[in-house]
């Protein structure tokens, strides 16, 4: 049965990854397992390649016209993974009255304020509004204060906030500083009051007082607000039009008008909080967590390089479950996984190595067996599910098997590897031998790669018997290249050893054609002295018949570390 898609989906994204410094088997196992998950309806599953794509793995994807998985250097949880992307933001030209309504509707402790280009200006919160209302603090600004008579707004915004009708004049959008006065006294006394105030642009609030209406229109005022929907004589309206004065009539009483006027200012004019840490999408959560948790703010903006708001992060989001999960293939030890793995829950493992992972918080699916290739196990999962891989996926799986078993020459090879490869050959229409020939035509690693690339191509780190060490392996048909480059390779190994605080490090160069390997070691003299291999005059160890790091080299190394106590 060919692969088919169902409607079932994963509840959160899942990444499938092999070990760091990946080889063909781990990359192909991740890719084929993701295809199987898709066929079973888990659409939100993505294979990744930790670090650089091996050249031979890239060749397989090109050969069978497949899109190679994304390469990633880490899986650390980043701000972009936890931020609220489609967050509400207050436009800078929105009135404070409407901004407060947005805060209430969003049920948020604070909201960012942005301009017309969505550039972040600051955070508006009830605390910043309270500061303006009380006009307190070291940097109290009288113009931003929500007390006093000065109102910074436009006639248009005032009309909206008061839900008023215009009886005369056209409400414009020009922002001004108005001085608000309430005509709650006799006309004569009110005249004297205005004269003593020396207001530059008075705004008059008055009810049903025709004599006040006419008297104030003799003055250079910009706006007359009639409260309580009181009637206005036609002569007053005509005079206002002649004097170019806007008359707004609202159902609000004078007390309500006074309160709302202060909230007719644009949100950008409020005392916005500009001390909140501005985050970037790529910031690692592990790095910003201490700063966020120790901050008095609850909401933090996420901006791009141009200062445009992309989202927000709240303190609560830091304690939320991880935004994605991991499936591990071809390894199960966290130290061998992609950096950041320790922060992400592992929900499944498919592996053919020793079990060295730490206990998990919840039960997980664990598929393991003594076989030569992880791809053998993945192919078996297809069969168990009653599915038949496509021609291309069968070729991918076959590639992993022939490389990890060295075309069935490795001592790790089992009958199941051979039987599975035969099944995949029929489906893919290609032979294991032809695949191996194509893979071996890829340029020699010791001929074209730098020392760091050679050593890091397939390096695994171990912690056993108090020793911390690393073992690398590359396949090379021309071992003479190892002899020529031994000095520079050793120098790089010593650098890695010092940088990562290793006790020793080894590079096993394997010739799959002739079926043997040579080993370059650096580090602990006691360990190197006790290795059970014949040593060449130039210091390299001869490993005849040794092809497997996992099954042949590592057990010998572990035996030596167990027998030689670390000083």
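Residue numbers (our numbering): 11 to 577. Just so you know, even glycine gets a beta-carbon here, dropped at the ideal spot from N, CA and C.
- Task: Within its chain, find whatever has a CB closer than 7 Å to the CB of residue 138; leave out the 5 residues flanking it on each side and keep chain order.
- Result: So the list reads 280, 281, 282 and 283, once near-sequence residues are dropped.
- Kindly indicate which residue of 299, 214, 219 and 221 has the alpha-carbon position closest to the one of residue 233. Nearest option by C-alpha distance: 214.
- Backbone secondary structure at residue 183 - three-state DSSP: Looking at residue 183 - three-state DSSP - the assignment turns out to be coil, as it is neither helix nor strand.
- Item | Between the CA atoms of residue 286 and residue 407 - distance to the nearest angstrom | Roughly 51 Å between the two C-alpha positions.
- Mark residue 191 as exposed unless 16 or more other C-beta atoms lie within 10 angstroms of its C-beta, in which case mark it buried. Buried is the call here.
- the stretch 441-450 contacting the stretch 399-413, beta-carbon criterion three pairs below 8 Å: Output reads yes: the stretch 399-413 touches the stretch 441-450.
- Scan the stretch 204-285 and note each continuous beta strand (DSSP E) run of 3 residues or more that stays entirely inside, going in chain order. The stretch 204-285 contains these whole beta strand (DSSP E) runs: 212-216, 233-236 and 256-259.
- Check whether residue 503 and residue 465 have beta carbons under 8 Å apart: In this structure, residue 465 lies closer than 8 Å to residue 503 by Cβ.
- Task: Would you kindly work out how many angstroms separate the C-alpha atoms of residue 422 and residue 556, rounded to a whole number?
- Result: Rounded to the nearest angstrom, the two C-alpha atoms are 11 Å apart.
- Query: What does residue 530 pair with, by DSSP beta-bridge criteria?
  - Reply: Its beta-bridge partners are 517.
- Task: Classify residue 85 as buried or exposed, calling it buried when 16 or more other Cβ atoms lie within 10 Å of its own Cβ.
- Result: Classification of residue 85: buried, given that the 10 Å Cβ count is 16 or more.
- Excluding five sequence neighbours on each side, which residues of the same chain lie with their C-beta closer than 8 Å to the C-beta of residue 195? The answer, listed in chain order, is 203.
- Message: Please report the straight-line C-alpha distance between residue 245 and residue 105, rounded to a whole angstrom.
- Response: Looking at the backbone, the Cα of residue 245 and that of residue 105 are separated by about 33 Å.
- Message: Alpha carbons only, please: which of 302, 328 and 289 is nearest the one belonging to residue 315?
- Response: Distance check between residue 315 and each of 302, 328 and 289 places 289 closest, using alpha-carbon atoms only.
- Could you give the residue range of the beta strand (DSSP E) that holds residue 361? First-last of the beta strand (DSSP E) with residue 361: 356-361.
- Query: How would you label residue 303, buried or exposed, when you count the other beta carbons within 10 angstroms and need 16 or more for buried?
  - Reply: By the beta-carbon neighbour count (other beta carbons within 10 angstroms, threshold 16), residue 303 is exposed.
- Query: In this structure, does DSSP put residue 572 in helix, strand or coil?
  - Reply: For residue 572, the secondary structure class from DSSP, reduced to helix, strand or coil, is helix.
- Among all the DSSP beta bridges, which residues are the ones paired with residue 484? BP columns for residue 484 point to 519.
- To the nearest angstrom, report how far apart residue 147 and residue 261 are at their CA atoms. Any reading at residue 147 needs caution, since the residue's pLDDT is 45, under 50, leaving its predicted position unreliable; the model's value is listed next. Roughly 35 Å separates the two Cα atoms.
- Collapsed DSSP secondary structure at residue 402 in the structure displayed: In the structure shown, the three-state DSSP call for residue 402 is helix.
- Query: Would you call the stretch 36-53 and the stretch 385-399 touching, i.e. three or more CB-CB distances under 8 Å?
  - Reply: In short, these stretches touch, since the Cβ pair count reaches three.
- Can you tell me the Cα-Cα spacing of residue 222 and residue 291, whole angstroms? Rounded to whole angstroms, residue 222 and residue 291 show a C-alpha spacing of 59 Å.
- Task: Grab me the residues of residue 335's own chain with a C-beta within less than 8 Å of its C-beta, minus the 5 sequence neighbours each way, in chain order.
- Result: Closer than 8 Å at Cβ, skipping near neighbours: 22, 23, 24, 25, 354, 355, 356 and 357.
- Query: Taking DSSP as the reference, what is the three-state secondary structure of residue 566?
  - Reply: The answer is helix: DSSP assigns residue 566 an H, G or I state.
- Message: I'd like to know whether the C-beta atoms of residue 56 and residue 44 end up nearer to each other than 8 Å.
- Response: For residue 56 and residue 44, yes; Cβs fall inside 8 Å.
- Query: For the putative contact between residue 454 and residue 468, defined by C-beta atoms under 8 Å, what is the C-beta separation to the nearest angstrom?
  - Reply: So it is not a contact: roughly 15 Å between Cβ atoms.
- Item | Secondary structure, alpha helix (DSSP H): runs of 4+ residues fully inside the stretch 371-456 | Runs of the alpha helix (DSSP H) inside the stretch 371-456: 384-394, 401-414, 425-438 and 442-450.
- Item | Residue nearest to residue 296 in terms of C-alpha spacing, selected from 352, 250, 102 and 347 | Considering only alpha carbons, the answer is 352.
- DSSP beta-bridge partners for residue 80? Looking at the DSSP assignment, residue 80 forms a beta bridge with 58.
- By DSSP, does residue 74 sit in helix, in strand, or in coil? Looking at residue 74 - three-state DSSP - the assignment turns out to be coil, as it is neither helix nor strand.
- Nonlocal neighbours in the same chain, by C-beta distance under 6 Å from residue 349, ignoring five residues either side: These residues qualify, in order along the chain: 84.
- Query: Near residue 575, what residues of its chain come up, given a Cβ to Cβ distance below 7 Å and the 5 sequence neighbours on each side ignored?
  - Reply: Same-chain partners within the cutoff: there are none.
- Using the Cα positions of residue 506 and residue 110, report the straight-line distance between them to the nearest angstrom. In this model, residue 506 and residue 110 are separated by some 57 Å (Cα to Cα).
- Item | Candidates 339, 277, 133 and 175: closest to residue 9 by CA position | Examination of residue 9 is not possible in this model, given that the chain is present from 11 through 577 alone.
- Message: Using C-beta distances below 6 Å, list every residue in its chain close to residue 128, excluding the 5 sequence neighbours before and after it, in chain order.
- Response: 318 and 319, listed in sequence order.
- Query: Taking buried to mean at least 16 other C-beta atoms within 10 Å of its own C-beta, is residue 81 buried or exposed?
  - Reply: With fewer than 16 Cβ atoms within 10 Å of its Cβ, residue 81 is classed as exposed.
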